[in-house]
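Step one of this worksheet: look at the structure below.
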Amino acid sequence: MTQNVDDTGTLTDLHETTRRMMAAETVGDIAAILQETTVRLLDAHSATVLNAARTPTLDYDRNQLPAPVQDAFRVIATEAEDESGLVTGTVPLPDGEHTTYVAHQLGDHGTLIVRGDSDTELDDAAAELVRILATNAEVALDRAVQLRVLKDREQDLVDERNRLAALFENIPSPTASFVIDDGEPIVESVNPAFESVFGFEQAELAGERIDDFIVPPDREREADRYNDLLREGKNVNVEVKRMTTDGPRDFLLDVVPFRLNVPNLHGYAMYTDITERKQREQELRRQNERLEEFASIVSHDIRNPLNVAQGFIEVARQNPDEEYFDRIENALDRVNDIVESVLTMTREGRPITDPEPTNLAETAERAWDHVATASGTLHIDPDADRSVAGNRTRLTTLFENLFRNSVEHGGDDVTVTVGLLEDETGFFVGDDGPGIPPSVQDRVFESGFTTRESGTGFGLAIVTEIVDAHDWAITFGNQSDGTRFEIRGVDWADDTTTS
Amino acid sequence: MSSNPAHDEPSPTVLVVDDERGLADLYEIWLSDVYDVRVAYDGESALEELNDAVDVVLLDRQMPDITGDEVLEAIQERGIDCRVAMVTAVDPNFDIVEMGFDDYVQKPVDKERLRDVVSGLLDRSTYDETVESYYTAVRKRALLQDRKDAASLEESDEYQQLERQIDRLKADMDDVTSRFGDDDFEVLFKELDET
Chain F
110 MTQNVDDTGT LTDLHETTRR MMAAETVGDI AAILQETTVR LLDAHSATVL NAARTPTLDY
170 DRNQLPAPVQ DAFRVIATEA EDESGLVTGT VPLPDGEHTT YVAHQLGDHG TLIVRGDSDT
230 ELDDAAAELV RILATNAEVA LDRAVQLRVL KDREQDLVDE RNRLAALFEN IPSPTASFVI
290 DDGEPIVESV NPAFESVFGF EQAELAGERI DDFIVPPDRE READRYNDLL REGKNVNVEV
350 KRMTTDGPRD FLLDVVPFRL NVPNLHGYAM YTDITERKQR EQELRRQNER LEEFASIVSH
410 DIRNPLNVAQ GFIEVARQNP DEEYFDRIEN ALDRVNDIVE SVLTMTREGR PITDPEPTNL
470 AETAERAWDH VATASGTLHI DPDADRSVAG NRTRLTTLFE NLFRNSVEHG GDDVTVTVGL
530 LEDETGFFVG DDGPGIPPSV QDRVFESGFT TRESGTGFGL AIVTEIVDAH DWAITFGNQS
590 DGTRFEIRGV DWADDTTTS
Chain E
-14 MSSNPAHDEP SPTVLVVDDE RGLADLYEIW LSDVYDVRVA YDGESALEEL NDAVDVVLLD
46 RQMPDITGDE VLEAIQERGI DCRVAMVTAV DPNFDIVEMG FDDYVQKPVD KERLRDVVSG
106 LLDRSTYDET VESYYTAVRK RALLQDRKDA ASLEESDEYQ QLERQIDRLK ADMDDVTSRF
166 GDDDFEVLFK ELDET
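Residue numbers (the working numbering), protein chains in the order written: chain F, 110 to 608; chain E, -14 to 180.
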């Protein structure tokens, strides 16, 4: 007999079944509980859950119904789903008998079809029980489907987060994630590339002001300006200099701010090392300057003596005086000297690819021997017995040209001194000659500038080329009398550092 | 108008200033059949040679110690009444707007060009001051237009100032031209066209 719904035991059973269905995590589990309870409570032949649309995932029948019955059930299911509720009737069995059935739609999930037995007629009470069971099962199925959607979504999020984390961890550019706190960018985490380039561990940096660690002291105001942009939620894409374990390097800084939850602004700061690109740019700029300089030499310095030669040829044609031919010869000699000097400049200015330890004192001695000096004196300070990383031949040429400049302007009895700069950033070449008038100091490094009749004006231009090729810098030194050239930015190449 | 001096007047005096001795000597040879030529090989000697007897100065710009630009300033400070042509290898830059020269010639120059420059300057010393200023300003504008692109001209304060000066002088010229003889008028505008 079918249990009566008012029966206390039946109510308890229904309640327990509903609880189990609500606790079940998958639609299959719910269908199993529903089938089992339905058969038990209704003393039915079977209970089948199927979906008229044959959606495979929602076809829970485990009874392996024979095909004709299955077809009949599918018709019933269609009917129930059309009715959106309860349908009852009889269904023919393979043996020619008929049996009663009660079916109830399970929302979008399918239909519960309960088949009576030859000795079990499904009555109104049974129909009521099926309605209650089906209604509760529908709620449980809704919940299970929703749970699955949520789980899928959660998995997607986890995957997404893992992908982002993998990107953050593996990106070759140093990258930091930060949060703007009280107007300051505070590190949340940094990637391994950041740790190795800047030499700080994630643990040291987390919770700290990023600028306190990697902004060089002279760039603080610049960094503050970019932070202002960040606070306004603007992207930053700028070239910056930052302190790395290899010293200061040039980076392209990309900062992307985003708001996760108001009001705190988060962001990623990514540093792309562009030091080498900057160096290539610098090298290119220098090459362009040299090209311009050579063009200027051709247009100005060579043109003058050529002009003189042309003019005096015209004059000599009318009056072939020996003096005019001398003039022409002198002018052409000048052209020749200038061409030689330009060739020297191109040679000396080529980038140095293989610097070698070059002793300053020895090189200066050798250069002095090459310069014709009547009675001048070379004095080498003892501290100049040090080696720089450079090109020996070109360093010799540098000294030769500086010495020649001193001898030509300072006279035969000039004393030339080579020594180290006090701050040990380089060396100097000084003399006790008349010095260079302040009015021409900014022009002496130009090619073709000379105050002497016999000079071509290329000596110091060649010096500049050699200095540039080494990436050094040359300036006038402070000296009360005489001339002093100071060369800075040298890399020492001594085996041991002297004090 | 003619650059030939009248026979009873002394030849005009030209001061050649160039540290390239060969060039200075050559200029002297080119000019000495018509003019009384003085030569200075540096700025200091140029300042010594300068006095009211000098009518035309041919001035190199780049010289050691005292530059041509500095000599030009000294000429103005001393109030010497002479015409000055810069004869130089230096590309004219916007700084020429402020410079008080009368002509600007870029090296190389040949004999014919140099003699034209000198005779042109002597002719112009007979012009009204307004016409002379106008001529110089138009010449400067032509030099800059030749060397600079439109954008840099547009951006240059000096160039804009020059344009305003030319407009102002042009307005003043309307008065002056009424006093010109027909011949003078033609010569003036022929020369302006050539710039």
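The beta-carbon is built from N, C-alpha and C at its ideal position, and this holds for glycine as well.
Please read these numbers as outputs of a predicted model, since none were measured by experiment.
Residues that residue i contacts on chain F, provided the C-beta gap is smaller than 8 Å
i                : result
ALA74 (chain E)  : SER408, HIS409, ARG412 and ASN413
ASP190 (chain E) : Absent from the structure is residue 190 (chain E), since the part of chain E shown begins at -14 and ends at 180.
Buried versus exposed call for residue i [16 or more other C-beta atoms within 10 Å across all chains shown]
i                : result
LEU393 (chain F) : exposed
LEU276 (chain F) : exposed
SER496 (chain F) : buried
LEU400 (chain F) : exposed
GLY105 (chain F) : The requested residue 105 (chain F) does not occur in the structure, where chain F is confined to residues 110 to 608.
THR121 (chain F) : exposed
GLY105 (chain E) : buried
GLN145 (chain E) : exposed
PRO283 (chain F) : buried
VAL365 (chain F) : exposed
GLY118 (chain F) : exposed
THR502 (chain F) : exposed
VAL566 (chain F) : Note that residue 566 (chain F) is Gly in the sequence shown here, rather than Val. Buried is the call here.
PHE367 (chain F) : exposed
HIS213 (chain F) : buried
THR486 (chain F) : exposed
ALA473 (chain F) : buried
ALA249 (chain F) : buried
VAL24 (chain E)  : buried
LEU44 (chain E)  : buried
THR220 (chain F) : buried
PRO460 (chain F) : exposed
Contact list for residue i against chain E, beta-carbon separation under 8 Å
i                : result
ARG436 (chain F) : GLY7 and ASP10
ALA440 (chain F) : GLY7
VAL538 (chain F) : Under the 8 Å cutoff, chain E gives no residues; its nearest Cβ is about 21 Å from VAL538 (chain F).
VAL424 (chain F) : LEU11 and ILE14
Contact set between residue i and chain E, taken where Cβ atoms lie within less than 9 Å
i                : result
ASN416 (chain F) : GLU5, GLY7, LEU8, LEU11, LYS92, PRO93, VAL94 and ASP95
GLY542 (chain F) : Chain E residues near GLY542 (chain F): none, gap ~16 Å exceeds 9 Å.
Contacts of residue i in chain E (Cβ-Cβ under 7 Å)
i                : result
VAL497 (chain F) : By Cβ distance, chain E contributes nothing, its closest Cβ being about 32 Å from VAL497 (chain F), past 7 Å.
GLY420 (chain F) : LEU11
Start and end residues, beta strand (DSSP E) containing residue i
i                : result
SER298 (chain F) : 293 to 299
GLN91 (chain E)  : 88 to 91
PHE585 (chain F) : 582 to 585
ASP155 (chain F) : A small fix is needed here, since residue 155 (chain F) is Ser in this sequence, not Asp. 155 to 159 is the span of the beta strand (DSSP E), which, as asked, contains SER155 (chain F).
ALA25 (chain E)  : 21 to 25
ARG597 (chain F) : 593 to 597
ARG224 (chain F) : 220 to 224
ASP290 (chain F) : 284 to 290
Residue i CB to nearest heavy atom of the ligand FMN below 7 Å
i                : result
ARG426 (chain F) : The model depicted lacks the ligand FMN and carries no ligand whatsoever.
Where the alpha helix (DSSP H) containing residue i begins and where it ends
i                : result
GLN214 (chain F) : From DSSP, GLN214 (chain F) is part of no alpha helix (DSSP H) but of the beta strand (DSSP E) over 207 to 214.
LYS260 (chain F) : 233 to 279
PHE322 (chain F) : 320 to 323
ALA132 (chain F) : 117 to 132
ARG340 (chain F) : 329 to 340
GLU83 (chain E)  : Premise fails: GLU83 (chain E) is in no alpha helix (DSSP H) and is neither H nor E.
ASP191 (chain F) : 176 to 192
GLU465 (chain F) : GLU465 (chain F) -> not in any alpha helix (DSSP H); beta strand (DSSP E) instead, spanning 465 to 468.
Inset, instruction - Give, in chain order, every residue of the segment -8 to 22 of chain E whose Cβ lies closer than 7 Å to some Cβ of chain F. - result: So the list reads GLU5, GLY7, LEU8, LEU11 and ILE14, given in the order they occur along the chain.
Inset, instruction - Compile a chain-ordered list of the residues in the segment 88 to 115 of chain E whose CB is closer than 9 Å to at least one CB of chain F. - result: So the list reads LYS92, PRO93, VAL94, ASP95 and LYS96, given in the order they occur along the chain.
Legend entry - Segment contact flag, the segment 357 to 367 of chain F with the segment 415 to 425 of chain F, C-beta cutoff 8 Å, min 3 pairs: No, they do not touch.
Legend entry - the segment 450 to 467 of chain F touching the segment 430 to 442 of chain F, judged by at least three CB pairs closer than 8 Å: Short answer: they don't touch.
Inset, instruction - Could you say if the segment -7 to 8 of chain E and the segment 568 to 577 of chain F meet the contact criterion of at least three C-beta pairs nearer than 8 Å? - result: Contact between the segment -7 to 8 of chain E and the segment 568 to 577 of chain F is absent, because fewer than three Cβ pairs lie under 8 Å.
Inset, instruction - May I ask you to verify whether the segment 46 to 65 of chain E touches the segment 18 to 38 of chain E, counting CB pairs closer than 8 Å and requiring at least 3? - result: The segment 46 to 65 of chain E, when compared against the segment 18 to 38 of chain E, does touch it at the 8 Å Cβ threshold.
Inset, instruction - Check whether the segment 471 to 481 of chain F touches the segment 454 to 461 of chain F, taking contact to mean three or more Cβ pairs, one atom from each stretch, closer than 8 Å. - result: Because the criterion of three Cβ pairs below 8 Å is not met, the segment 471 to 481 of chain F and the segment 454 to 461 of chain F do not touch.
Legend entry - Stretch pair the segment 241 to 256 of chain F + the segment 126 to 137 of chain F: three plus CB contacts closer than 8 Å: Judged by Cβ distances under 8 Å, the segment 241 to 256 of chain F makes contact with the segment 126 to 137 of chain F, as three or more pairs qualify.
Legend entry - Meets three-Cβ-pair contact criterion under 8 Å: the segment 262 to 271 of chain F and the segment 148 to 157 of chain F: Contact between the segment 262 to 271 of chain F and the segment 148 to 157 of chain F is absent, because fewer than three Cβ pairs lie under 8 Å.
Inset, instruction - Evaluate contact between the segment 139 to 155 of chain E and the segment 90 to 103 of chain E, counting only Cβ atoms and requiring at least three cross-stretch pairs below 8 Å. - result: In the pairwise beta carbon analysis, the segment 139 to 155 of chain E is classified as not touching the segment 90 to 103 of chain E: fewer than three pairs are separated by under 8 Å.
Legend entry - Stretch-stretch touch, CB-based, cutoff 8 Å, three pairs: the segment 513 to 523 of chain F with the segment -5 to 4 of chain E: A contact between stretches requires three or more CB pairs, one per stretch, nearer than 8 Å, and the segment 513 to 523 of chain F fails this requirement with the segment -5 to 4 of chain E.
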